[in-house]
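> Oh and the sequence shown: position 179 is 179 in UniProt numbering, straight run, nothing missing.
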Amino acid sequence: MWSTVHARDVVAAWDVASPERPSRVAGVTMAGFGVHSITAPLRMVPHPGLTLVLEFGAGQPIVDDVAGPRPWGSLVAGLGFGFGGAVLVRGENVECVQVRLSPAIARAVLGVSPADLDGAVVSLDDLWGREAARIRERLGEVSSWEERFALTDALLARRNEAASAIDAEVSWAWHRILAGRGLVRIDALATELGWSRKRLWSRFRSQLGMQPKLAAKLVRFDHAVHRLVAGEGAARVAADGGYADQSHLHRDVVAFTGVTPGTVVDEPFLAVDDTAWPTRAAR
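#1: State the CB to CB distance for the pair V63 and V89, rounded to an integer number of angstroms; the pair is presumed to be in contact (CB under 8 Å).
#2: According to DSSP, is I105 helix, strand or coil?
#3: Can you tell me whether DSSP reads E232 as helix, strand or coil?
#4: Assuming contact is defined by CB atoms lying nearer than 7 Å, are I177 and V184 in contact in what I supplied?
#5: Taking DSSP as the reference, what is the three-state secondary structure of G27?
#6: Buried or exposed, going by whether 16 or more other CB atoms sit within 10 Å of the CB of G209?
#7: Which of the three DSSP states is assigned to V272 in this structure?
#8: For S18 versus A31, is the C-beta distance shorter than 7 Å?
#9: Could you please give the first and the last residue of the uninterrupted beta strand (DSSP E) stretch that includes D64?
#10: Excluding the 5 residues preceding and the 5 following V35 in the sequence, name in chain order all residues of the same chain whose CB lies nearer than 6 Å to its CB.
#11: Just reading off the beta strand (DSSP E) that P71 is part of, what are its end residues?
#12: For W145, is the beta carbon positioned less than 6 Å from some heavy atom of the ligand ZN?
#13: May I ask you to report which of helix, strand or coil DSSP gives R90?
#14: Examine the Cβ distances between the stretch 124–135 and the stretch 65–75 and report whether three or more of them are shorter than 8 Å.
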């Protein structure tokens with residue numbers, strides 16, 4: 001699928017491509033982006049997955065975070081990247097395959113633990129060395145998005161098969177949090193595993209890079225904010241999403257994005273999700 005998405009007046013147009021079939025690697029979703037010109041910086045909105053950007057266009061994305069604005073080529077952004085609304089992105093003539101990775105498979109695919117990334121952004125060259133340049137060249141040589149998706153999927157599958165996975169218990173806890181849309185009690189997960197609460201927190205944090213309570217909060221936020229973008233009322237979203245009240249939802253949205261629920265619904269990164277990630281598969 002190939003669509004052009006207009007995101008208010010902030011972006012002239014995003015050309016967005018989605019694969020015709022799901023990835024062979026569970027926990028992977030992909031989309032292709034062609035961004036002609038970002039006329040004003042775009043806010044990165046945290047979501048419950050890591051982001052791998054494989055760029056091959058004439059331009060490079062410019063990421064503006066606590067370290068200041070810097071041009072990036074291919075990159076990896078950690079779990080919850082953009083927390084607090086402090087990360088902005090701009091650029092011209094950027095083409096890339098963007099991959100969302102479940103933290104449960106991120107260590108195998110990336111070769112680095114999500115905990116080592118700690119929610120930050122790093123250059124793919126620093127992680128993969130010459131392999132990052134080779135995949136960039138190959139993506140630029142093919143002419144269709146389906147070929148690019150196939151190349152990317154083969155790369156991810158090969159890396160995933162060659163590396164060790166995280167503990168099965170930690171993976172189970174993550175997927176329970178996802179399935180419950182963040183509305184799970186961490187103590188209850190520990191009890192089901194036969195672990196102490198301290199052990200679950202320690203293993204989860206060391207392998208996925210985030211405490212389980214914050215991970216559940218991020219997953220809950222992700223579902224709530226997409227319902228807001230879809231036009232649902234804040235009161236209903238708060239009630240259905242496990243928030244104590246509408247003020248509680250308001251505080252969470254501000255904490256994650258730096259803006260209010262009334263403002264976040266116009267964020268271009270959220271507006272494009274239904275096109276780029278139409279199934280919103282489990283991450």
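Here a beta-carbon is modelled for each residue, glycine too, at the ideal position from N, C-alpha and C. None of the values given here were measured: they were computed from a predicted structure.
Here's the rundown:
#1: By a beta-carbon distance limit of 8 Å, V63 contacts V89. Their separation comes to about 6 Å.
#2: I105: helix per DSSP, three-state reduction.
#3: DSSP places E232 in coil when its eight states are reduced to three.
#4: Against a cut-off of 7 Å, the Cβ pair of V184 and I177 comes out as a contact.
#5: In this structure, G27 counts as coil in the three-state DSSP scheme.
#6: The residue is buried, with at least 16 neighbouring Cβ atoms inside 10 Å.
#7: For V272, the three-state secondary structure derived from DSSP is coil.
#8: Yes; because the gap between Cβ atoms is below 7 Å, this pair is in contact.
#9: Looking at the DSSP string, the run of the beta strand (DSSP E) that includes D64 is 62–65.
#10: For V35, where only same-chain residues beyond five positions count, the Cβ hits under 6 Å are W14, V94.
#11: Per DSSP, the continuous beta strand (DSSP E) segment holding P71 begins and ends at 68–71.
#12: The ligand content of the structure shown is nil, which means the ligand ZN is not present either.
#13: DSSP, reduced to helix, strand and coil, places R90 within a strand of the structure shown.
#14: A contact between stretches requires three or more CB pairs, one per stretch, nearer than 8 Å, and the stretch 124–135 meets this requirement with the stretch 65–75.
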